[in-house]
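Asks: Quick note on numbering that gives the first Met the number 0: the sequence shown kicks off at 0 and runs consecutively.
Input: one structure, supplied below.
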Amino acid sequence: MNKLTINDFFLKKKEITFLNNWINKDYKKQFLFIHGKDSSGKTSLAECILNKYKIIHINIDFFKEKVNIKQYIDEALGRKNILMMFNNNYQYNAIIFDNLELFLKHNKSILNDIISYISKLNNYKQNHPIIFISSNINHKYFKKILSNSKFIEINYSHKNIINITNKYLSLKKIKLNDNEINNLIKKSDSKINNIISNINILNLNNNLKDLYDYEDTFIDNTINKIYNTNDFSDIIRYSQNLNNLYFDILDNIHYITDDLDKIIKIYKTSYLAENVNTFYIKRHIDLYDFYTILSIIYPKYYLKNNIDCKKVINNKYISKSLIYISNERHIYNNDLNINILYLINKLNDKNYIDFLKEKYNININEIKKLTNTYNKIIEFV
0 MNKLTINDFF LKKKEITFLN NWINKDYKKQ FLFIHGKDSS GKTSLAECIL
50 NKYKIIHINI DFFKEKVNIK QYIDEALGRK NILMMFNNNY QYNAIIFDNL
100 ELFLKHNKSI LNDIISYISK LNNYKQNHPI IFISSNINHK YFKKILSNSK
150 FIEINYSHKN IINITNKYLS LKKIKLNDNE INNLIKKSDS KINNIISNIN
200 ILNLNNNLKD LYDYEDTFID NTINKIYNTN DFSDIIRYSQ NLNNLYFDIL
250 DNIHYITDDL DKIIKIYKTS YLAENVNTFY IKRHIDLYDF YTILSIIYPK
300 YYLKNNIDCK KVINNKYISK SLIYISNERH IYNNDLNINI LYLINKLNDK
350 NYIDFLKEKY NININEIKKL TNTYNKIIEF V
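Given below as structure tokens:
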């Protein structure tokens, strides 16, 4: 069976170049930090990048054996092997520190040990590539790691997820029609790890009825906890996996209140939350507590905690007034030139358009995405 390559992760050309440069030379200068939603394929991507190395996985389960992290790394990376002297093809170890957000929730002392060991890891990285993975980067604990790392965010569209699913199905030689593939993705909650698990189930018994339904159960439980508690620390902890919960409140606010003044205030604080979200993600500034206040605490306060979970439909659609803001964040985070995008969309000169695309490294899919979004806003208005 053929293994996945970096091209199978549907990254942009500049992201593939970025990762190839890192594993070929830049790993000696900085660590790599991979960020993205839960189960988005971050670990699979890391393993693919490190395919020429022996990989040591360090995650929350690793410490069930009560291993001393510093001692373990010293033995794994610091011990000299006589084979290094005589074998030019000697396979060095590499380390993946996986799911750092779980250390933050369940074992902060280990996370502190890892962070305090950064200076020693900086020495080890000359021969040993080191990757950190987390679905949360918005805590002060991660600031030191991020400042020593190259950074990439994994953010797949639905079309990307379909393509990735087809790739894994083809590796297992499983054939499904379009409806079956969409059902597989839906039951897997659009998460790559869940999709892989369900494909493995199909590979064993080829029965679609046996697919595990990951959809909604975790999200529903978490949302209920957020809506039903007034403890600020609990709200922050629960909300780390639901960064856009305020979109759901906005989408369903007409079911919750008809007080126009409250609705306007909630829209304003959500607008501010989205702008904070844009800038702290881009610049790795620790503003997560402030973001939580704006996006969850204030709406709860304005609504006097009168939020009926049954009336708030999670992720049904995004409030149209905030699509524009999300689009602006997409432009900002991807360093897109809005003026060039406008020219490409308006000009009729194909040669000139091709020249602009090449010069400014613009993908046609970016243009379609932004154009479709703005058209929807115009239609709505």
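By construction, the Cβ of each residue, glycine as well, lies at the ideal position given by its N, Cα and C atoms.
Smallest Cα separation from residue 269: which of 275, 188 and 294?
Replies: 294
Asks: From residue 212 to residue 137, what distance separates their C-alpha atoms?
Replies: Distance between the alpha carbons of residue 212 and residue 137: 30 Å.
Asks: Measure the alpha-carbon distance for residue 3 versus residue 273 and round it to whole angstroms.
Replies: Rounded to the nearest angstrom, the gap between the Cα atoms of residue 3 and residue 273 is 35 Å.
Asks: Tell me, to the nearest whole angstrom, how far the beta carbon of residue 254 is from that of residue 276; I am working on the premise that it is less than 8 Å.
Replies: With 8 Å as the limit, residue 254 and residue 276 do not qualify as a contact, their Cβ atoms being about 25 Å apart.
Asks: How is residue 170 classed by DSSP in three states: helix, strand or coil?
Replies: helix
Asks: Could you compute how far the alpha carbon of residue 91 sits from the alpha carbon of residue 248?
Replies: 50 Å
Asks: Could you spell out where the beta strand (DSSP E) holding residue 96 opens and where it closes?
Replies: 92 to 96
Asks: In whole angstroms, what separates the C-alpha of residue 117 from that of residue 195?
Replies: Distance from the CA of residue 117 to the CA of residue 195, rounded to the nearest whole angstrom, comes to 33 Å.
Asks: Using a threshold of 8 Å, state whether the C-beta atoms of residue 145 and residue 32 are closer than that.
Replies: Between residue 145 and residue 32, the C-beta gap is smaller than 8 Å, which places the two residues in contact.
Asks: DSSP state of residue 15, grouped into three classes?
Replies: helix
Asks: Looking at the unbroken beta strand (DSSP E) that takes in residue 394, where does it start and where does it end?
Replies: Nothing in the structure corresponds to residue 394, since the chain is present only between 0 and 380.
Asks: Nearest-angstrom Cα distance between residue 259 and residue 153?
Replies: 38 Å
Asks: Quick one: is residue 250 buried, meaning 16 or more other Cβ sit within 10 Å of its Cβ, or exposed?
Replies: Looking at its Cβ environment, which holds 16 or more other Cβ atoms inside 10 Å, residue 250 is buried.
Asks: Does DSSP put residue 84 in a helix, a strand or coil?
Replies: With a pLDDT of 46 at residue 84, under the threshold of 50, the modelled position of that residue is not reliable, and no figure is offered here.
Asks: Taking the alpha carbon of residue 139 as the point to measure from, which residue in 110, 163 and 96 has its own alpha carbon closest?
Replies: Selection 110, 163 and 96 evaluated against residue 139 yields 110 as nearest (Cα-Cα).
Asks: Would you identify the three-state DSSP class for residue 31, choosing helix, strand or coil?
Replies: strand
Asks: Can you tell me which of 257, 101, 186 and 96 puts its alpha carbon nearest to the alpha carbon of residue 135?
Replies: 101
Asks: Three-state secondary structure (DSSP) at residue 303?
Replies: coil
Asks: For residue 395 versus residue 186, is the C-beta distance shorter than 8 Å?
Replies: For residue 395 there is no data in the structure shown, the boundaries of the chain being 0 and 380.
Asks: Would DSSP call residue 136 helix, strand or coil?
Replies: coil
Asks: From residue 143 to residue 349, what distance separates their C-alpha atoms?
Replies: Taking the Cα positions, residue 143 is about 47 Å away from residue 349.
Asks: When burial is assigned at 16 or more other CB atoms within 10 Å of the CB, is residue 263 buried or exposed?
Replies: exposed
Asks: On a Cα-Cα basis, can you pick out the residue from 72, 129 and 57 that is closest to residue 26?
Replies: With distances taken between Cα atoms, residue 26 lies closest to 129.
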